[in-house]
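Enquirer: Residue numbers (this note's numbering), protein chains in the order written: chain A, 181 to 666; chain B, 181 to 666. Glycine included, each C-beta is placed from N, C-alpha and C at the ideal position. In this text the structure is predicted, and so the values were computed from the model without any measurement. The structure's right below; bear with me while I get my questions together.
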């Protein structure tokens, strides 16, 4: 048996087999094209090359190619060599992608930055430089905490922009908030921790994931001042996960008094605070709020992400952990995936150090502020909401509807009208009841569309007053994806 | 209180505070520089800009800057603006990185491709194109299975090069073998599975990780024909993880008879086979071996990785799973990190589709074959090994030493002599005894160094014959990192 590997087409010729050599070669190529192993357009090796690899005479290969060409399987052209023909059976592996995503006329999905604002050129340049200039060590297996240069850059950035007390050795890079929580929670479980508080309302997927890891999840109510520390104290939680700068989805800002009380709670109980700082860089008028981490650096695990700052497609996040926890998190990161892409991390480090992130955020803040102002003006013009919350920062607002409006029906009818909106219920753990509300993200929607979208939404809400039955709501399309993702 | 956010330096001015406005500004800037929140070289906003943000008169900011300049904290230059001075205290966050990695004269660490061979230009180009041309959808949250185009490209490549039966919808991209195992094992645990077989000798870190997830790990012996299926059948395992094409570290190739038996075992018991196809693309003379997956596609979970083909720094891997398992793996991927970087995946898809991977592998195969030949020639010239195993493929060989040689002492003394080698014991689960052996990786060592390195190793082995005490071995540097990583 002699086999060819050279062009990564797996062919094997057996001189003891009953079939002719040409027949074997033809048959294997034909089968490879029929099953899609060789896709249409694929360049075949030259007859000389293939003959050499298989230790066949070139004539045998030439004859096989001629036969396959005659059958229409392959096409030869001067200059571009021999290729699998377009009319060869479309391989099973090339089926068109299913597109399950419903398309909406207007999309108020929260938690998404505007794709148009992604700084393609700057990011492409940083990626390119990283790939061209990475050292041999950087091309090996990574430090599970992440590239040293990137951690230094992030520590500096977080210190000046978020007042985070961060030494680079305490930074652990990860692939976003979701992985940060997975790493942290798994360390907790291995250390025997069992009770974790989360915000109610909040990010429902988080509770599900923590539950599956074996943690007991304790929802603690959020009001206008953020998470209620008295209820946290009573809950018996050993840790809490919260977003103090801009709570999701209410937009509440944790008050100064509660910050102090939360820090004291963590110190007295030896508890952990996980600070989810997902969109704090986008603040439009209120005073900037330093990260909570600075108030209790020994008890706070700070989590940031590029998902809102740049794009969720990058899967770049960072954890700043107190020293006693860093080693355990780094080891867990090593166990679960050995670390993140060094190239991506080097690119991020450069993007931050060269001031490109500052420049990008400055531009984005202007654009998002204009979009938010347009949204607030439209909400006021079309007048169907009782209150707008969380408008000082971030990429979404929460609006309260009149008490008599059926939230579930509004969401269902809005979607039927081509408007993607999410109701407050989508963020309440355990199906708890709440006043009717909508969460309106303005990250993904174009500024010019906002007024028309709000007008359409106003019409839907008006139709969904207290009068009608709730029948329509039952038909609601429940197949939509989760309300928000990090 | 009025605060500036514009250049991402967090400053707050309180008009009710007892200190002057200028004093407040100066004090906060001074503190930021002293603590490293503002690092040396950082550009400060212009006086006009800062004054506007803080709603101060420009004169106040000018005076504060002049005072700080007089103290040597900041430096103003025409054209390049005002910067934090170099002689300002080196911030705590800028400490030089520790370099814990010992340096060796010659490095036989297995499992590492040669960094010099990384196709920087081609990869940089693919990354750049991906960032410049990603669609708005691709810049959103990713499909947890990975970018569609990348999955189509991989399915085609695996079909033609590895004879893997793969539909793109059954491909789940991940960040390497380690994450693939984490995802698979967590799905198994949630489905109530408990007993998993691994190869003995094998990759010890794997057993530890599986154990921590709550799985019972059953080591099954590997001989010259690969994993022994009779012992697997007796073990009561519900799944097995193995590398049939080139076992790690013995280099054994699973024989045809055992392939058939293993596939039958999986079908009869409804068991899972995880095929670790980590370096099968590097085969130098033996017949190419199609992936085992093709023999039992309904029971095999195929795992591949770019770590050996390109670089472990990319953290790119792929799983091809039977249809009943794909959904669960995709959901698990979504839970643990929401999916991989779309940009990296798009780049990989293009790299594969444009034939750049084929070209790269062709070049690498030639280079590695030459290096392997040099290694084999040197081993034969310096004549201190009884047998060389696994030389037909991959990036390492395993060599048996004479029975009377103390393996532990050889490893320790070699390291003292600047040679990084790993002994067979590093790959045996549970401290089982074995004949003295070394694993020699030739991926990372330069071709020109090989002969000198083997000569030095021969001298060490000669010194470590049966005559001496084993005392030296006890002093062995046990702080080195794990023997191999994926």
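Strictly below 7 Å CB to CB, what residues from chain A border residue 298 of chain B?
Expert: 319
Enquirer: Using a Cβ-Cβ cut-off of less than 7 Å, give me the residues of the region 482-493 of chain A that come near chain B, in sequence order.
Expert: 491, 492, 493
Enquirer: Under 8 Å between the Cβ atoms of residue 716 of chain B and residue 325 of chain A?
Expert: A question about residue 716 of chain B goes unanswered here, because the residues of chain B that appear run from 181 up to 666.
Enquirer: Straight-line CA distance for residue 257 of chain B to residue 221 of chain B?
Expert: 12 Å
Enquirer: Can you confirm whether residue 322 of chain A, when its beta carbon is compared against all beta carbons of chain B, has any partner nearer than 8 Å?
Expert: yes
Enquirer: By DSSP, does residue 288 of chain B sit in helix, in strand, or in coil?
Expert: coil
Enquirer: With distances taken between CB atoms, is the gap from residue 624 of chain B to residue 294 of chain B smaller than 8 Å?
Expert: yes
Enquirer: Would you call the region 488-499 of chain A and the region 521-538 of chain B touching, i.e. three or more CB-CB distances under 8 Å?
Expert: The region 488-499 of chain A is in contact with the region 521-538 of chain B.
Enquirer: Listing by chain order, which chain B residues have their CB less than 7 Å from the CB of residue 522 of chain A?
Expert: 493
Enquirer: Is the Cβ-Cβ distance between residue 571 of chain A and residue 631 of chain A less than 8 Å?
Expert: no
Enquirer: Within 10 Å of its beta-carbon, does residue 347 of chain B have 16 or more other beta-carbons around it, so buried, or fewer, so exposed?
Expert: The residue in question, residue 347 of chain B, is buried, as its Cβ has 16 or more Cβ neighbours within 10 Å.
Enquirer: Would you say residue 517 of chain A reaches chain B, if we count a Cβ-Cβ gap shorter than 8 Å as a contact?
Expert: yes
Enquirer: By the DSSP assignment, the alpha helix (DSSP H) with residue 362 of chain A in it spans what residues?
Expert: 357-370
Enquirer: State the beta-bridge partners of residue 567 of chain B as determined by DSSP.
Expert: B/580
Enquirer: With a Cβ-Cβ cutoff of 8 Å, do residue 565 of chain B and residue 556 of chain B count as a contact?
Expert: Against a cut-off of 8 Å, the Cβ pair of residue 556 of chain B and residue 565 of chain B comes out as no contact.
Enquirer: Does the region 405-415 of chain B come close enough to the region 354-371 of chain B that 3 or more CB-CB pairs lie under 8 Å?
Expert: no
Enquirer: Using the rule of at least 16 other Cβ atoms within 10 Å of the residue's Cβ for burial, across every protein chain shown, is residue 499 of chain A buried or exposed?
Expert: buried
Enquirer: Strictly below 7 Å CB to CB, what residues from chain A border residue 389 of chain B?
Expert: 515
Enquirer: Run through DSSP, which three-state label would residue 542 of chain A get?
Expert: helix
Enquirer: Taking the straight line between their C-alpha atoms, what separation do you get for residue 374 of chain B and residue 300 of chain B?
Expert: 43 Å
Enquirer: Go through its chain and collect everything with a Cβ distance to residue 297 of chain B's Cβ below 7 Å, but skip five positions before and after it.
Expert: 544, 547
Enquirer: Go ahead and label residue 193 of chain A buried or exposed: buried means 16 or more other beta carbons lie within 10 angstroms of its beta carbon, across all protein chains shown.
Expert: Buried, since its Cβ has 16 or more Cβ neighbours within 10 Å.
Enquirer: In angstroms, rounded to a whole number, what distance separates the CA positions of residue 516 of chain A and residue 350 of chain B?
Expert: The alpha-carbon atoms of residue 516 of chain A and residue 350 of chain B are separated by roughly 22 Å.
Enquirer: Would you mind telling me which residues of chain A sit closer than 9 Å to residue 359 of chain B, beta carbon to beta carbon, in chain order?
Expert: Per Cβ cutoff of 9 Å: 516, 517, 518.
Enquirer: Residue 488 of chain A and residue 434 of chain A look like a contact to me (Cβ under 8 Å); what is the Cβ gap, rounded to whole Å?
Expert: Actually they do not touch by this definition, with Cβ atoms about 19 Å apart.
Enquirer: Could you tell me whether any Cβ in chain B is nearer than 8 Å to the Cβ of residue 416 of chain A?
Expert: no
Enquirer: Measuring straight from C-alpha to C-alpha, what distance separates residue 310 of chain B and residue 537 of chain A?
Expert: 20 Å
Enquirer: Answer yes or no: do residue 359 of chain A and residue 609 of chain A have a C-beta to C-beta separation smaller than 8 Å?
Expert: The Cβ atoms of residue 359 of chain A and residue 609 of chain A do not sit closer than 8 Å to each other.
Enquirer: State buried or exposed for residue 313 of chain A, treating a residue as buried only when at least 16 other CB atoms are found within 10 Å of its CB.
Expert: exposed
Enquirer: Could you work out which residues of chain A lie near residue 371 of chain B, taking near to mean beta carbons separated by less than 9 Å?
Expert: In chain order: nothing, as chain A lies at least about 13 Å away.
Enquirer: In the DSSP assignment, find the unbroken alpha helix (DSSP H) run with residue 526 of chain B in it and report its ends.
Expert: 522-533
Enquirer: Does the region 385-392 of chain B come close enough to the region 408-417 of chain B to have 3 or more Cβ pairs within less than 8 Å?
Expert: No, the region 385-392 of chain B does not touch the region 408-417 of chain B.
Enquirer: Answer with buried or exposed for residue 327 of chain A, where buried requires no fewer than 16 other C-beta atoms within 10 angstroms of its C-beta.
Expert: buried
Enquirer: Can you tell which of B/603, B/430, B/533 has the C-alpha that lies nearest to the C-alpha of residue 329 of chain B?
Expert: B/533
Enquirer: Hey, is the region 242-254 of chain A in contact with the region 595-603 of chain A, meaning 3+ C-beta pairs nearer than 8 Å?
Expert: no
Enquirer: Between residue 357 of chain A and the rest of its own chain, which residues show a CB-CB distance below 8 Å, the 5 nearest in sequence each way excluded?
Expert: 456, 458, 483, 485, 487, 497, 666
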